[in-house]
Amino acid sequence: AEDTGVRVELAEEDHGRKSSIALRLWVEDPKKLKGKPKDNGAIEFTFDLEKETPDDVAQEMIESGFFHESDVKIVAKSIRDRVALIQWRRERIWPIVQ
Amino acid sequence: NSLTQVVHSAGRRFIVSPVPESRLRES
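Right under this line is the structure:
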């Protein structure tokens, strides 16, 4: 995944069964963001792979004050890259569950 | 370690915890 300066990782083991998965996002390189992130804590949240989109979560993070509006695209892209990886792995490791 | 929690109006819960030093890139 392209280095956006925002890191997204699994916050729990993924067994491919649940449609929602816990993720953790943090800013690795604040210089890559247009706005100043609120604090550089790791933000953990649950993401529903079937019903939600990375843009939903990114917008909610902006509205919750974690990021500046001008960084919504970077945040959404970082989540999208990780979600794509999770789905790619799920299709290979647990194709029957899909 | 200190955890803070923000619940968005749509109901999603965001839990903020310190990033382990090892994960923060030296800028």
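Chains as they are written, first to last, in this note's numbering: chain A, 1 to 98; chain B, 101 to 127. Note that beta-carbon positions come from the ideal geometry of N, C-alpha and C, so glycine has one too.
Chain B contact residues for Phe45 of chain A, given Cβ-Cβ distances below 8 Å: Position 45 of the first sequence holds residue 45 of chain A. The answer, in chain order, is Arg112, Arg113, Phe114 and Ile115.
Closer than 8 Å to chain B by CB, Ser64 of chain A: Along the first sequence, read from residue 1 onward, the residue named residue 64 of chain A stands at position 64. Taking Cβ atoms only, chain B reaches closer than 8 Å to Ser64 of chain A, which makes this a yes.
Helix, strand or coil at Ala110 of chain B [DSSP, three-state]: As a position in the second sequence, residue 110 of chain B is number 10, starting the count at 1. Looking at Ala110 of chain B - three-state DSSP - the assignment turns out to be coil, as it is neither helix nor strand.
Contact set between Gly16 of chain A and chain E, taken where Cβ atoms lie within less than 9 Å: The structure shown has no chain E; the protein chains it does contain are A and B.
Proximal chain B residues relative to Glu60 of chain A, where beta-carbon distance stays under 7 Å: On the first sequence, position 60 is the one that residue 60 of chain A refers to. Under the 7 Å cutoff, chain B gives His108, Ala110 and Arg112.
Stretch pair the stretch 102–122 of chain B + the stretch 78–90 of chain A: three plus CB contacts closer than 8 Å: At 8 Å Cβ cutoff, the stretches do not touch.
For Pro30 of chain A, the nearest candidate out of A:His68, A:Arg24 and A:Ala22 (CA to CA): Taking the first sequence and counting its residues from 1, one reaches residue 30 of chain A at position 30. Residue A:His68 is the option with its Cα nearest to Pro30 of chain A.
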